[in-house]
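Enquirer: First the structure, then my questions, so here it is.
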Amino acid sequence: MRPSLVIVGAGPRGTGLIERIAANAPELYAGSGLDIHLVDPHPPGAGRIWRAAQSPLLWMNSHAEDVTMFTDDTVAMEGPVREGPTLHEWAGIDGRTFADRQLQGAYLRWVHEQAVADLPPGVVVHHHPRRALRVGGPREGRQQVWLEGRPRPLLADLVVLTLGHLDAELDDQQVELAEYARVHGLVHLPPDFTADSDLSALKAGEPVLVRGFGLAFVDLMVLLTEGRGGRYEGDTYVPSGQEP
200 MRPSLVIVGA GPRGTGLIER IAANAPELYA GSGLDIHLVD PHPPGAGRIW RAAQSPLLWM
260 NSHAEDVTMF TDDTVAMEGP VREGPTLHEW AGIDGRTFAD RQLQGAYLRW VHEQAVADLP
320 PGVVVHHHPR RALRVGGPRE GRQQVWLEGR PRPLLADLVV LTLGHLDAEL DDQQVELAEY
380 ARVHGLVHLP PDFTADSDLS ALKAGEPVLV RGFGLAFVDL MVLLTEGRGG RYEGDTYVPS
440 GQEP
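The opening residue of the sequence shown carries number 200 in the working numbering; numbering runs sequentially from there.
Given below as structure tokens:
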């Protein structure tokens with residue numbers, strides 16, 4: 200029976216694992232082969248956070264020259280170094296700029312494709328564009344990974360959760376705020392990844408109260424200004440009239 204590995208999460212962490220498997224495959228899987236089951240409803244490489252289906256106004260918070268998926272002599276790891284381009288080298292842009300997340304997603308998709316192409320013939324990647332619901336199975340023996348909409352589980356000798364950013368349940372204060380908004384006919388948007396937030400309920404000219412002043416706040420400001428048709432002329436913002 201061929202060894203089976205299930206990786207839940209097809210973003211950068213999952214890609215990094217596949218890259219290391221490719222680097223070590225001649226030693227680890229010579230003659231035995233390996234089935235890699237990659238589970239994620241979002242595109243491999245980019246995953247949820249860096250997927251192409253988001254606004255080009257959303258940027259990274261790191262310089263392009265600081266972003267890479269490849270190894271060098273500074274990395275503590277198993278297997279040989281496999282060097283490759285940073286984001287700015289791959290994209291041909293100024294390394295001191297902040298790339299948009301769509302460009303980062305394209306880079307990650309390319310890295311994923313390269314990692315899969317570097318696998319030996321006996322190591323095969325199967326992508327399952329579904330959500331993983333649960334993992335079970337005996338202490339001794341294969342694990343079972345149940346997927347949404349799939350009647351039978353995937354069987355795995357090893358399951359690796361490369362999940363990255365996760366959703367969180369509302370805490371007591373957020374539940375209280377949501378209930379207050381419901382009772383008073385207001386709009387409450389819970390904490391979320393910006394590209395997944397439905398901002399259509401925030402109408403033009405209406406006041407908006409934002410809690411927090413971090414990176415998600417910057418994303419929100421961009422989407423509610425330039426994302427609503429506003430523009431900058433030099434240092435002056437020219438509103439479209441669609442902003443809240």
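Positions of the beta carbon are idealized from the N, C-alpha and C atoms, including for glycine. Because the structure is a prediction, the values reported are computed rather than measured.
Which residue's Cα is closest to the Cα of residue 236: 370, 288, 223 and 331?
Expert: Here residue 236 is taken as the residue at index 37 of the sequence shown, counted from 1. Looking at the Cα atoms, 331 is the closest of the given residues.
Enquirer: Measuring CB atoms only, is the region 228 to 235 touching the region 275 to 285, in the sense that at least three cross pairs come out at less than 8 Å?
Expert: In short, these stretches do not touch, since the Cβ pair count stays below three.
Enquirer: Could you check how far apart the C-beta atoms of residue 221 and residue 356 are, in whole angstroms? I think they sit under 8 Å.
Expert: Walking along the sequence shown from the start, residue 221 turns up at place 22. Walking along the sequence shown from the start, residue 356 turns up at place 157. Actually they are not in contact, since the Cβ atoms of residue 221 and residue 356 sit about 18 Å apart, beyond 8 Å.
Enquirer: Starting from residue 417, follow its DSSP beta bridges and name the residues at the other end.
Expert: Translated into positions along the sequence shown, residue 417 becomes position 218. In the DSSP output, where bridge partners are listed per residue, residue 417 has none listed.
Enquirer: With distances taken Cα to Cα, identify the nearest neighbour of residue 310 among 341, 319, 435 and 218.
Expert: In the sequence shown, residue 310 corresponds to position 111, counting from 1. Ranking 341, 319, 435 and 218 by Cα distance to residue 310 puts 218 first.
Enquirer: Go ahead and pull the three-state DSSP assignment for residue 311.
Expert: Here residue 311 corresponds to residue number 112 of the sequence shown, with the count starting at 1. Of the three classes helix, strand and coil, the one that applies to residue 311 here is helix, per DSSP.
Enquirer: What is the residue span of the beta strand (DSSP E) that residue 432 lies within?
Expert: The residue you call residue 432 lines up with position 233 of the sequence shown. 430 to 432 is the extent of the beta strand (DSSP E) around residue 432.
Enquirer: Going by DSSP in three states, residue 258 sits in which element: helix, strand or coil?
Expert: As a working mapping, residue 258 is identified with position 59 in the sequence shown. Three-state DSSP puts residue 258 in a strand.
Enquirer: Rounded to whole angstroms, what is the Cα-Cα separation between residue 434 and residue 352?
Expert: On the sequence shown, residue 434 is found 235 positions in, with the first residue counted as 1. On the sequence shown, residue 352 is found 153 positions in, with the first residue counted as 1. Approximately 56 Å, taken between the alpha carbons.
Enquirer: Assess contact between the region 396 to 407 and the region 416 to 427, defined as three or more Cβ pairs (one per stretch) separated by less than 8 Å. Is contact present?
Expert: Cβ pair count under 8 Å is three or more, so yes.
Enquirer: Cβ of residue 377 within 8 Å of Cβ of residue 387?
Expert: As a working note, residue 377 is residue 178 in the sequence shown. As a working note, residue 387 is residue 188 in the sequence shown. Against a cut-off of 8 Å, the Cβ pair of residue 387 and residue 377 comes out as a contact.
Enquirer: Compare the C-alpha of residue 206 against each of 324, 337, 390 and 279 and name the closest.
Expert: What you label residue 206 is simply residue 7 of the sequence shown in a count that begins at 1. With distances taken between Cα atoms, residue 206 lies closest to 324.
Enquirer: So what's residue 426 in DSSP terms, helix, strand or just coil?
Expert: Along the sequence shown, one-based indexing puts residue 426 at 227. The answer is helix: DSSP assigns residue 426 an H, G or I state.
Enquirer: Can you name the start and end residues of the alpha helix (DSSP H) that residue 376 belongs to?
Expert: Your numbering for residue 376 matches position 177 in the sequence shown. Note, residue 376: alpha helix (DSSP H), 371 to 382.
Enquirer: Taking residue 251 as the reference, give the member of 262, 299 and 411 with the closest Cα.
Expert: As a working mapping, residue 251 is identified with position 52 in the sequence shown. If we check each option's Cα against that of residue 251, 299 comes out closest.
Enquirer: Looking only at C-alpha atoms, which of 255, 430, 405 and 372 sits nearest to residue 418?
Expert: Residue mapping note: residue 418 aligns to position 219 of the sequence shown, counting from 1. The shortest Cα separation from residue 418 among 255, 430, 405 and 372 belongs to 255.
Enquirer: Please check the pair residue 344 and residue 204, which I expect to be a contact at CB under 8 Å, by giving their CB distance rounded to whole angstroms.
Expert: As a working note, residue 344 is residue 145 in the sequence shown. As a working note, residue 204 is residue 5 in the sequence shown. Not a contact, Cβ separation roughly 11 Å.
Enquirer: Rounded to a whole number of angstroms, what is the C-alpha to C-alpha distance between residue 296 and residue 340?
Expert: Position 97 of the sequence shown, counted from the first residue, corresponds to residue 296. Position 141 of the sequence shown, counted from the first residue, corresponds to residue 340. Approximately 49 Å, taken between the alpha carbons.
Enquirer: With 16 other CB atoms within 10 Å as the buried threshold, where does residue 245 fall?
Expert: What you label residue 245 is simply residue 46 of the sequence shown in a count that begins at 1. Residue 245 comes out buried.
Enquirer: I'd like the ranges of any beta strand (DSSP E) spanning at least 3 consecutive residues and lying wholly in the region 214 to 273.
Expert: Taking only runs of at least 3 residues, the beta strand (DSSP E) segments lying wholly in the region 214 to 273 are 233 to 238.
Enquirer: Spatial neighbours of residue 421 within its chain, please: CB distance less than 6 Å, with the 5 preceding and 5 following residues excluded, ordered by chain position.
Expert: Within the sequence shown, numbered from 1, the residue matching residue 421 stands at position 222. Excluding residues within five positions, the ones whose Cβ falls inside 6 Å are 256.
Enquirer: Look at the alpha carbon of residue 389 and the alpha carbon of residue 413, and state the distance between them as a whole number of angstroms.
Expert: Stepping through the sequence shown from its first residue, residue 389 is reached at position 190. Stepping through the sequence shown from its first residue, residue 413 is reached at position 214. Rounded to whole angstroms, residue 389 to residue 413 spans 15 Å at the Cα level.
Enquirer: Quick check: what's the CA-CA separation for residue 259 versus residue 409?
Expert: Along the sequence shown, read from residue 1 onward, the residue named residue 259 stands at position 60. Along the sequence shown, read from residue 1 onward, the residue named residue 409 stands at position 210. Rounded to the nearest angstrom, the two C-alpha atoms are 21 Å apart.
Enquirer: State the CB to CB distance for the pair residue 280 and residue 267, rounded to an integer number of angstroms; the pair is presumed to be in contact (CB under 8 Å).
Expert: Translated into the one-based positions of the sequence shown, residue 280 becomes position 81. Translated into the one-based positions of the sequence shown, residue 267 becomes position 68. Actually they do not touch by this definition, with Cβ atoms about 12 Å apart.
Enquirer: Can you name the start and end residues of the beta strand (DSSP E) that residue 355 belongs to?
Expert: Translated into the one-based positions of the sequence shown, residue 355 becomes position 156. From DSSP, the beta strand (DSSP E) with residue 355 extends over 353 to 355.
Enquirer: Counting only runs that start and end within the region 277 to 354, where is the alpha helix (DSSP H) found for 4 or more residues in a row?
Expert: If we require 4 residues or more, the alpha helix (DSSP H) runs fully inside the region 277 to 354 come out as 286 to 290 and 300 to 316.
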